[in-house]
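Everything below concerns the one structure shown next.
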Amino acid sequence: MDAATLERFEASRDRLASLAYRLLGSAADAEDVVQDAFLRWQAADTARIEVPEAWLTKVATNLALDRLRSAKARRERAVGDWLPEPLLEGDPMLGPLDTVEQRESVTVAVLLLLERLNPTERAVYVLREAFSHSHKEIAQILDITESASQQHALRARRHVRAESRTEVDRAAALKIVEAFVAAASSGRTEALVALLTDDATGLSDGAGLMATLMRYSGPEQMARVMRAGFKPTDAKRRLAGGVPALHAALVNDAPALVATVDDHVVGTIVLHVRGDKIAKAVATAAPARLHRLTAQWRTAAPHDPPLMERW
0 MDAATLERFE
10 ASRDRLASLA
20 YRLLGSAADA
30 EDVVQDAFLR
40 WQAADTARIE
50 VPEAWLTKVA
60 TNLALDRLRS
70 AKARRERAVG
80 DWLPEPLLEG
90 DPMLGPLDTV
100 EQRESVTVAV
110 LLLLERLNPT
120 ERAVYVLREA
130 FSHSHKEIAQ
140 ILDITESASQ
150 QHALRARRHV
160 RAESRTEVDR
170 AAALKIVEAF
180 VAAASSGRTE
190 ALVALLTDDA
200 TGLSDGAGLM
210 ATLMRYSGPE
220 QMARVMRAGF
230 KPTDAKRRLA
240 GGVPALHAAL
250 VNDAPALVAT
260 VDDHVVGTIV
270 LHVRGDKIAK
280 AVATAAPARL
290 HRLTAQWRTA
300 APHDPPLMER
310 W
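What follows is the structure, given as structure tokens:
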């Protein structure tokens, strides 16, 4: 492969990775999709490809859909053993984030919501909302009709609307996390309940130690669980590999708590905000889901001082 042909692929790499991540919710799988797309590009007669970006988009989309439809993926997602892999602010795999729709499409809450859609509906939503493809272009990418693309998009939007959120800027997001940590660590259930919506829900992977995800509903139950979870113990510190520091950050364009031991991320809690309250909290601590976040954390600009230096 000559330098010009390689350069044409590299110009699309970040976009393809972002597309695959939105479809799969996994950075590791997205990277595999991009590598497979590169191998197909390498084997193709690129001189005959008139629009490389369109060709690569079609290839990457269908490679991602093949993974979504695989027996292994269906088993994992069916038993509730799946959470999106969290990504730190500034990760190129999150882009593009210029519009409300693009930012919404990469939130943990929406990635979870898209699990209720079939793979084609999910692909139409991502291609339309996050990458602004026309229904004609989507029809060509997915080998469906324009009418079918429009119908899939309508169904997907209805689902996403059910998970409305309030966008907050970075400063407001950090204040939300600060209030959350203060309430959860205070030992006072009522302080935490006051931060939660009446229909608040929680989801946790149990640090990867549970067979299925743990789910909580209602502010009182969530407050009790979080208060207990924020109480430090020797067992929790052994599981974390040390004494964590607690930081406020943006993860998947949402306020988040990031727990670190030295420069290693050991857990995150991503908060979904509605109005001035927290409507959803998604906790991830399984080490396999935190590799990329840890790598990004280590290379990111200097972090703000931790909310709690020793938890």
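In this text, residue positions in the sequence shown follow numbering that gives the first Met the number 0: the first is 0, and each later residue adds one. A virtual CB, placed ideally from N, CA and C, is assigned to each residue, including glycine.
If you compare alpha carbons, which of the options is closest to residue i?
{"i": "E100", "options": "V159, E219 and D90", "result": "V159"}
{"i": "W296", "options": "M307, V250 and A3", "result": "V250"}
{"i": "R242", "options": "K174, T259 and G228", "result": "Residue 242 is actually Val in this sequence, not Arg. Per the Cα distances, T259."}
{"i": "G274", "options": "E162, R226 and D90", "result": "E162"}
{"i": "Q149", "options": "Y124, A170 and E166", "result": "Y124"}
{"i": "V281", "options": "T200, A294 and A46", "result": "T200"}
{"i": "D252", "options": "R47, M92, E114 and L82", "result": "M92"}
{"i": "V265", "options": "T283, A255 and L141", "result": "T283"}
{"i": "R127", "options": "S216, A152 and R115", "result": "A152"}
{"i": "T321", "options": "K276, S185 and A285", "result": "Missing from the structure shown is residue 321; the chain here goes from 0 to 310 and no further."}
{"i": "Y20", "options": "Q41, I143 and A122", "result": "A122"}
{"i": "L67", "options": "P254, G217 and L23", "result": "L23"}
{"i": "R164", "options": "E103, A244 and G217", "result": "E103"}
Pull up the DSSP beta-bridge partners for residue i, would you.
{"i": "S104", "result": "Answer by DSSP bridge pairing: none, since S104 is not bridged."}
{"i": "S216", "result": "T200"}
{"i": "L87", "result": "V250"}
{"i": "M307", "result": "L245"}
{"i": "L195", "result": "I277"}
Alpha helix (DSSP H) containing residue i: first to last residue?
{"i": "H151", "result": "E145 to R160"}
{"i": "A244", "result": "Run containing A244: none in the alpha helix (DSSP H); it sits in the beta strand (DSSP E), A244 to V250."}
{"i": "R66", "result": "P51 to R68"}
{"i": "P118", "result": "P118 to Y124"}
{"i": "W81", "result": "Unbroken run through W81: none, as it is neither H nor E."}
{"i": "L38", "result": "A26 to A42"}
{"i": "S184", "result": "R169 to S184"}
{"i": "D97", "result": "Unbroken run through D97: none, as it is neither H nor E."}
{"i": "H134", "result": "H134 to L141"}
{"i": "D13", "result": "R12 to L23"}
{"i": "R7", "result": "A2 to E9"}
| query | How do the segment 99-119 and the segment 27-44 stand: do at least 3 beta-carbon pairs fall below 8 angstroms, yes or no? | reply | no
| query | Between the segment 132-148 and the segment 189-204, are three or more C-beta pairs nearer than 8 angstroms? | reply | Between the segment 132-148 and the segment 189-204 there are fewer than three inter-stretch CB-CB distances shorter than 8 angstroms, so the stretches are not counted as touching.
| request: Report the residue ranges of all beta strand (DSSP E) runs contained in full by the segment 236-298; include only those spanning at least 3 residues, in chain order. | output: 244-250, 253-260, 263-273 and 276-283
| field | Any 3 or more C-beta pairs closer than 8 angstroms across the segment 55-70 and the segment 168-183 | value | no
| request: Examine the Cβ distances between the segment 6-26 and the segment 35-52 and report whether three or more of them are shorter than 8 angstroms. | output: Taking a cut-off of 8 angstroms on C-beta distances, the segment 6-26 touches the segment 35-52, as three or more cross pairs fall below it.
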